[in-house]
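These notes concern the structure reproduced below.
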Amino acid sequence: QVQLVESGGGLVQPGGSLRLSCVASGSIFRINGMSWYRQAPGKQRELVADITSTTNYVESVKGRFTITRDNAKNTVYLQMNSLKPEDTAVYYCNVRTYDPVFGTKEYWGQGTQVTVSS
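In this text, residue positions in the sequence shown follow the working numbering: the first is 667, and each later residue adds one.
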């Protein structure tokens, strides 16, 4: 079993920055990919950024958000700059793992609230 712990959310003014972190712990053989999703009130959850051997971003955050990972710490980060009110949402960490016995699995964090408001 793998546990994900997110941190770094909060209230920030438009134009400000936040850095989200997600640490994966437990029985981990290999992490294949790590992602950040978000869900705003009344909207579906959407993929914000993904990192495997490459990175991918939803169009609305390109140039403002940066996803990175520290493999030694099993941690993924999301640096969010030039935040806008429309970035307000609960942000969720997603991790895909591989284990030679149990195969591929997917795990979700508990979510961290990001609110962009003046």
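Think of the CB as a built atom: it goes at the ideal place given N, C-alpha and C, for glycine as much as any other residue.
Three or more C-beta pairs below 8 Å linking the segment 756-767 and the segment 724-738: no
Close-in-space but distant-in-sequence residues of the same chain around T770 (CB under 8 Å, 5 per side omitted): N698, R762, T763 and Y764
8 Å Cβ cutoff met for Y743 and L670: no
Note down the Cα distance separating S683 from A738, rounded to an integer number of angstroms. 25 Å
V780, DSSP secondary structure in three states: strand
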